[in-house]
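Engineer: Sharing a structure here in structure tokens format.
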Amino acid sequence: MTTISERAEAPGSNAAHGRRNRIARNLGPRNRTMRKRTRNWSTLGRVLLLLIATVLVLGPVLWTLSTSLRPPAESFQLPPSFLPLEPDFTSYQQVFKQLNIMLLVLNSALVTGLIAVGQMATAALAGYAFANLRFRGRQALFSIVLATMMVPAQVTIVPIFMLIRGMGLSDTLLALILPAIPTAFGTFLMRQYFLGLPADLGEAAAIDGASPWRTFRSVYAPLAMPGLAIVGILAFNYHWNEFFRPLILTISEQNFTLPLGLVSLQGNLGTGSISVVLAGVVLSMIPALVVFLFGQRALQAGLTAGSGK
Amino acid sequence: MPGSDGKLREITRRTALGALGLGIIGATTASWPRLTGMDIPGRGDSSLSIAIMGTAADAAARQRVIDAFSKVHPEIRVKVQAIQAVDWKDFFTKILTMVAAGTPPDVVYVATEGAQLFADKLAHPLDEYLRRDAADMKEYFADVHPSLVEAFMYKGSLFQLPIDWNAANMYYNTGSLRSAGLERPADNWTHTDFRATLAAMRKANTSDFTPYYWTNRLFGGVVPWLYANDTSFLKETKSTGGDWLWTTFYANDPSRSLRSGGYQWLEPNATDPRVFESFDYLRGLVKDGLGVRPEEGGGSSLVGLFASGRIGTTPAGGYWVQGLNEAGMTEDGFDVQFFPRWRTQRHQFGTAGYAIMKTAKDKDAAWEWVKFSASLDAMRLVFTTPNTTPSRRSMVNEQLYAGKGPRHWKVFYDTLDRFPTTGPIPAPPQQAAVETALMKNVSLAVSGDEAQLKQALESMQRDLELALRRQA
Amino acid sequence: MSTATSIRPRTRSAAAKDERHPQRWLAWAFLAPTVVGMGLFTLLPIVASLALAFFRWDIISPPTFVGFDNFAEVVQDPTVRVSFLNTIMFVIVAVALQLGVALALAIMVQEKLPAWLRVFFRSAFFFPLILSAASVSIFMRYLFNEQFGVVNWLLSFVGIPAVPWLTTPGGSAAVVILVYVWQNFGFSFLLFIGGLASIPNETYEAAALDGATGLRKHLHVTLPLLSPTTLVASVMAIINALQVFDQPYVLTRGGPGDSTRTAVMVIFESAFQRLEFGQASAIGVILTIIILAITAAQLRLSKRFVFYQ
């Protein structure tokens, strides 16, 4: 039992926890023996509660996975199995038979990739301007940018649709990409990020005679790469899962993104099979899962970036 | 030393970034046709564009029909565009979106749900072509039941030729029927017989078994029960006209006298005592644990549930056979019977066929497609599996259901012959609003007490009034 | 996370006197893509949908000017009224639940735990955020099925008879809230984790010397010190919840009756199912005004608190 509390105070390997671990170390071993027993018991209870919460959170996902790996006739078997012990891949074969998955993936990748790159570029520039450059109307403009985040997408979709038609881009992937590139949240995030970088770096560069553009390119832009990664990953996560805009803006199946394509698996008038539907759901989770595994820290940081200021 | 090292790193970093930038630009350029949709065959050219509901796989399945068509009409170039949608309402929205985008298709495969919406606003009547090609069309109409055709009449004109259709019959699980000690129900079983059947199934099975499973939809929800009780949630009238069609093609049909210029649904009828009676019956089934409270929209779980033996009975049509087969059900595992009788044994059906858009560039070519699609040759190419019922009587045969069931597949087409008043899904031009007004009140109506039922029907009446007042 | 959110004192003097030409020029060059993009794809559509609210338009025939008719009809429409009330009720319950669950779990995770367990719990609670709301709703719908769902099967062990989750007004409202909170609490959780990490440990030590432990400690120390985070978390949670669409759309289609119809759903239905674009815009305008008002009120409140520390 002592090992648990001791390990808690060991310096974490994960840099993100450094700060907290420092705090934990500062606490010191005072009072430890006195309260050891009660603390151990409360720790145990706490871990138990947290485990229950974890089961509630991950259980439905596990059920989805294991049901997708069962023959359709057993979809609703009770008691349910949460672990796919004897996987059956017919539902997955069915998904590949019914959908041109490769094309859907290509479309999703193109759309999300270009939106992410576009957002990173524009947000970096605009965020830097809002953070480090002085110009008239900065506050007002920034407030307008922030305010646009509060208008639901459903409100503006019809005018956007007409705009796209006017541009001759109806039912194309560009119709999904172009309107999504200017990003209020990304701009906000990059502004915060640039504000967090030391100001004296820029001042030093200015004293050395660097132009504002050079200061940005050689001093701040390289330092902002982690922030840009956050914008990119957030854009990826959001637009990969996006349903509403593609629903309205694309018509041909050749232009569908993955989430939209999967909906057709549900079938008309109940002719779809639940395990096929769930197989599709699982397939669509994979890219998000990859992002989760590799970009989790950046994502967490990005999602909470608004809390600092 | 650190200086030069830094410089080196700077250079490699720049090279890497430059390569990345070039890569992005290269990838964008390479995928430009994909981004602008220019790689989609036939896009923007003058070929006849045909929109169907379904996936690319469905469109590919029609390729053989296109090939056959091209042999007969080498001068007409055709492209089939599959539009994915969750239901017909969703599909029509997509077509309207295409109209709004300035790229409407020339021909659209439309089901009963949207027949009047299209006839009223978007479609071109077939009358002149039918008159012109009457001799060629005789064979088609002789093979198709007039009830189906009448569903596509609107104010005296015909807008579509039925290609496939489905009635709401009653599917049952043979195993659970047998375990309840029952035989196959009689053709003219009544709603009380039906209730008794459910009760017997209830007794003989475990608690996670549902004798009657139904969903809250326009097709197969409450409407079959309303039709069986000789009523509906909308007042049904018929318009005049269309005699030319019936005398030309159905002069000798036994149900000739019933035929009209098309259905009209102009007034709500939710407060009709018989509507109350039907809902009250369903409420009783729910209350006594014989039927489920219906979920809205749902149905994606239905095949799995039925195939796994958790459901005793459910209303469905011929479209269901293939799905059950794929879900692992054998041809002896289930069967189908007519919907139970109440005051009448009138059934509900839905049908679909091609409509020519008003905006079609070449309507003559469009008609050739409509006509060809209704031919026996074309329909044989399309309907190879029982995932819907062909409108041609001659095609609903032993061969189609061989090895898949149900044993009594004859029930499907017999529904039309035995009950000639069998009617289409009630769908005025304001279909979307009407459907919402109906569906949103059904669950409340059948899952509370009598007062709640009355209240739900009154609110349905109000919602329907509002819906019908809209201009569609 | 720390870099993106930390506040660092910086001298503005150098930047302030830099109100020079090249900088202003550069600022506008940097802002151009975002400003042009947002002008075209966000502001213009907002203005256009505001204008559209005064027209009757079904896409097929040309629009006709109807003055305030759309607003009058919308305000009198019982469905619209109910859906706005539903939305408000939903926001209150879902946000309270989301913040409550998130805070409780954050405190539990933040107290002494082995580092690997802490990382595990954080990842688990964060996981639902990367899934698309549409696919979550698809599999949750199966889990909450009255006859065959896993939820009712589990409840049967504690003697609770089958709950008609999706077919009664109370049940479906509960499911929509539960599914929404299930997917979104991780977001507030992360915010709270960040907030808790910034509370100096000396404060706790002082409180411990005064005899404040356990629940009392959190009541008197954690909660007051966490109030800035709580406000930010609630602002973000409320903006999100006010725009809820995917979950009720997939889970219940707004039913039974109008019991789970939300404001954004009504916009979608009148625009894309009934083609009443004018009315849809009118509802959108009203909703946007409500969102702006609530957010403005909250920001005013939060400003005070953020500068407090």
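Protein chains in written order, with the working numbering: chain P, 1 to 309; chain C, 1 to 472; chain V, 1 to 309. For glycine and all other residues, C-beta sits at the position ideal for the given N, C-alpha and C. In this text the structure is predicted, and so the values were computed from the model without any measurement.
Count the other C-beta atoms from every protein chain shown that fall within 10 angstroms of the C-beta of glycine 405 of chain C, then say buried if there are 16 or more, exposed otherwise.
Structural biologist: In the second sequence, counting from the first residue as 1, residue 405 of chain C sits at position 405. Its Cβ being crowded by 16 or more others within 10 Å, glycine 405 of chain C is buried.
Engineer: Hey, is leucine 104 of chain P's beta-carbon within less than 8 Å of any beta-carbon in chain V?
Structural biologist: On the first sequence, position 104 is the one that residue 104 of chain P refers to. Judged by the 8 Å Cβ criterion, leucine 104 of chain P is not in contact with chain V.
Engineer: Which residues in the same chain have their Cβ closer than 6 Å to the Cβ of lysine 454 of chain C, if we skip the five residues on either side of it in sequence?
Structural biologist: Residue numbering aside, residue 454 of chain C sits at position 454 when the second sequence is read from its first letter. Within the same chain, lysine 454 of chain C has no close Cβ partners at all.
Engineer: Between which two residues does the beta strand (DSSP E) carrying leucine 161 of chain C extend?
Structural biologist: Position 161 of the second sequence, counting from 1, holds the residue named residue 161 of chain C. From DSSP, the beta strand (DSSP E) with leucine 161 of chain C extends over 161–167.
Engineer: Go to glutamate 326 of chain C, then tell me how far its alpha helix (DSSP H) extends in each direction, as first and last residue.
Structural biologist: Against the second sequence, residue 326 of chain C aligns to sequence position 326. Note, glutamate 326 of chain C: alpha helix (DSSP H), 320–326.
Engineer: Distance check for leucine 178 of chain P and glycine 26 of chain C, CA to CA, integer angstroms please.
Structural biologist: What you label residue 26 of chain C is simply residue 26 of the second sequence in a count that begins at 1. What you label residue 178 of chain P is simply residue 178 of the first sequence in a count that begins at 1. Approximately 18 Å, taken between the alpha carbons.
Engineer: When you check each C-beta in the segment 247–258 of chain P against every C-beta of chain C, which residues fall closer than 8 Å?
Structural biologist: Correct list: Ile248, Ile251, Ser252, Glu253, Gln254, Asn255, Phe256.
Engineer: If you run the structure through DSSP and keep just helix, strand and coil, what is serine 49 of chain C?
Structural biologist: Locating residue 49 of chain C in the second sequence gives position 49, counting from the first residue. In the structure shown, serine 49 of chain C sits in a strand (DSSP, three-state: E or B).
Engineer: So, under 8 Å CB-CB, alanine 374 of chain C and isoleucine 163 of chain C are touching, yes? Tell me the CB distance rounded to an integer number of Å.
Structural biologist: Translated into the one-based positions of the second sequence, residue 374 of chain C becomes position 374. Translated into the one-based positions of the second sequence, residue 163 of chain C becomes position 163. Sure, about 6 Å apart at Cβ, within 8 Å.
Engineer: Does the segment 353–368 of chain C touch the segment 424–443 of chain C, meaning 3 or more C-beta pairs lie closer than 8 Å?
Structural biologist: The segment 424–443 of chain C is not in contact with the segment 353–368 of chain C.
Engineer: Could you name the residues of chain C that glutamate 336 of chain P contacts, counting a contact when the two beta carbons are closer than 7 Å?
Structural biologist: In the structure as shown, chain P begins at 1 and stops at 309. Residue 336 of chain P is therefore absent and cannot be evaluated.
Engineer: Among the residues of its own chain, which have a CB less than 6 Å from the CB of serine 157 of chain C, if the five just before and after it don't count?
Structural biologist: Position 157 of the second sequence, counted from the start, is the residue given in the question as residue 157 of chain C. Taken in chain order, the residues that qualify are Pro125, Asp127.
Engineer: Could you please tell me which residues of the segment 124–153 of chain V, in chain order, have their CB closer than 9 Å to any CB of chain P?
Structural biologist: Under the 9 Å Cβ criterion, the segment 124–153 of chain V contributes Ala124, Phe125, Phe126, Phe127, Pro128, Leu129, Ile130, Leu131, Ser132, Ala133, Ala134, Ser135, Val136, Ile138, Phe139, Met140, Tyr142, Leu143, Asn145, Gln147, Phe148, Gly149, Val150, Trp153.
Engineer: For tyrosine 128 of chain P, return the contacting residues in chain V, with the cut-off set at a CB-CB distance below 7 Å.
Structural biologist: The sequence position of residue 128 of chain P within the first sequence is 128, counting from 1. The contacting residues are Phe30.
Engineer: What distance in whole Å lies between the Cβ atoms of asparagine 100 of chain P and threonine 172 of chain P, which are believed to be in contact at a cut-off of 8 Å?
Structural biologist: Residue numbering aside, residue 172 of chain P sits at position 172 when the first sequence is read from its first letter. Residue numbering aside, residue 100 of chain P sits at position 100 when the first sequence is read from its first letter. So it is not a contact: roughly 18 Å between Cβ atoms.
Engineer: Mind checking whether lysine 89 of chain C and glutamate 435 of chain C have CB atoms under 8 Å apart?
Structural biologist: The count along the second sequence starts at 1 and reaches residue 89 of chain C at position 89. The count along the second sequence starts at 1 and reaches residue 435 of chain C at position 435. The answer is yes: Cβ separation under 8 Å.
Engineer: Going along chain P in order, which residues have a C-beta closer than 7 Å to the C-beta of isoleucine 24 of chain C?
Structural biologist: Taking the second sequence and counting its residues from 1, one reaches residue 24 of chain C at position 24. By Cβ distance, chain P contributes Val117.
Engineer: Between which two residues does the beta strand (DSSP E) carrying lysine 238 of chain C extend?
Structural biologist: One-based indexing of the second sequence puts residue 238 of chain C at position 238. Unbroken beta strand (DSSP E) run through lysine 238 of chain C: 234–238.
Engineer: So the candidates are C:Ala451, C:Gly54, C:Val65; which of them puts its Cα closest to the Cα of tyrosine 109 of chain C?
Structural biologist: One-based indexing of the second sequence puts residue 109 of chain C at position 109. Comparing Cα-Cα distances from tyrosine 109 of chain C to each of C:Ala451, C:Gly54, C:Val65, the minimum goes to C:Gly54.
Engineer: Name the residues in the segment 179–198 of chain V whose C-beta lies less than 9 Å from a C-beta of chain C; which are they?
Structural biologist: Here the close residues number zero.
Engineer: Identify every residue that forms a DSSP beta bridge with methionine 288 of chain C.
Structural biologist: On the second sequence, residue 288 of chain C is found 288 positions in, with the first residue counted as 1. The sequence given here has aspartate at residue 288 of chain C, not methionine. Per DSSP, none; premise fails for aspartate 288 of chain C.
Engineer: Is there a C-beta anywhere in chain P that falls below 8 Å from the one on glutamine 243 of chain V?
Structural biologist: As a working note, residue 243 of chain V is residue 243 in the third sequence. With 8 Å as the cut-off, glutamine 243 of chain V counts as an interface residue toward chain P.
Engineer: Name, going along the chain, the residues of the segment 72–98 of chain C whose beta-carbon falls closer than 7 Å to a beta-carbon of chain P.
Structural biologist: Residues passing the 7 Å Cβ filter: Gln81, Ala82, Ile83, Gln84, Val86, Asp87, Lys94, Thr97, Met98.
Engineer: Do you know how far the Cα of leucine 99 of chain V is from the Cα of threonine 230 of chain V?
Structural biologist: Indexing the third sequence from 1 puts residue 230 of chain V at position 230. Indexing the third sequence from 1 puts residue 99 of chain V at position 99. Straight-line Cα distance between these residues: approximately 8 Å.
Engineer: Start and end of the beta strand (DSSP E) containing glutamine 337 of chain C?
Structural biologist: Position 337 of the second sequence, counting from 1, holds the residue named residue 337 of chain C. Its beta strand (DSSP E) spans residues 334–337.
Engineer: Under the three-state reduction of DSSP, which class applies to tryptophan 265 of chain C: helix, strand or coil?
Structural biologist: As a position in the second sequence, residue 265 of chain C is number 265, starting the count at 1. Three-state result, tryptophan 265 of chain C: strand.
Engineer: Can you name the start and end residues of the alpha helix (DSSP H) that lysine 97 of chain P belongs to?
Structural biologist: Your numbering for residue 97 of chain P matches position 97 in the first sequence. Counting along the chain, the alpha helix (DSSP H) containing lysine 97 of chain P begins and ends at 90–98.
Engineer: For alanine 316 of chain C, which three-state DSSP category applies?
Structural biologist: Along the second sequence, one-based indexing puts residue 316 of chain C at 316. Looking at alanine 316 of chain C - three-state DSSP - the assignment turns out to be strand.
Engineer: Count the CB pairs spanning the segment 393–409 of chain C and the segment 95–102 of chain C that are closer than 8 Å, and state whether there are at least three.
Structural biologist: Counting Cβ pairs under 8 Å, fewer than three are found: no touch.
Engineer: Examine chain V for any beta-carbon lying closer than 8 Å to the beta-carbon of alanine 53 of chain P, and answer yes or no.
Structural biologist: Translated into positions along the first sequence, residue 53 of chain P becomes position 53. Taking Cβ atoms only, chain V reaches closer than 8 Å to alanine 53 of chain P, which makes this a yes.
Engineer: May I ask you to report which of helix, strand or coil DSSP gives glutamine 81 of chain C?
Structural biologist: Here residue 81 of chain C refers to the residue found at position 81 when the second sequence is read from its first residue. DSSP places glutamine 81 of chain C in strand when its eight states are reduced to three.
Engineer: Name, please, each residue of chain C whose Cβ falls closer than 9 Å to the Cβ of arginine 274 of chain V.
Structural biologist: Working through the third sequence from its first residue, we reach residue 274 of chain V at position 274. Ordered by position in chain C, the residues that pass the 9 Å Cβ test against arginine 274 of chain V are Gln430, Ala432, Ala433, Thr436, Ala467, Arg470, Ala472.
Engineer: In three-state terms, what does DSSP make of glycine 12 of chain P?
Structural biologist: Here residue 12 of chain P refers to the residue found at position 12 when the first sequence is read from its first residue. Here the model assigns glycine 12 of chain P a pLDDT of 33, short of 50, so the residue's position is not dependable and the matter cannot be decided.
Engineer: Can you tell me whether serine 259 of chain V is helix, strand or coil according to DSSP?
Structural biologist: In the third sequence, the residue the question calls residue 259 of chain V occupies position 259. DSSP places serine 259 of chain V in coil when its eight states are reduced to three.
Engineer: Residues in its own chain within less than 7 Å of tryptophan 182 of chain V by CB, not counting five upstream and five downstream?
Structural biologist: On the third sequence, residue 182 of chain V is found 182 positions in, with the first residue counted as 1. Same-chain partners within the cutoff: Pro128.
Engineer: Can you check whether the CB of asparagine 173 of chain C is closer than 8 Å to the CB of isoleucine 76 of chain C?
Structural biologist: Taking the first residue of the second sequence as 1, we reach residue 76 of chain C at position 76. Taking the first residue of the second sequence as 1, we reach residue 173 of chain C at position 173. No, Cβ-Cβ distance for isoleucine 76 of chain C and asparagine 173 of chain C is not below 8 Å.
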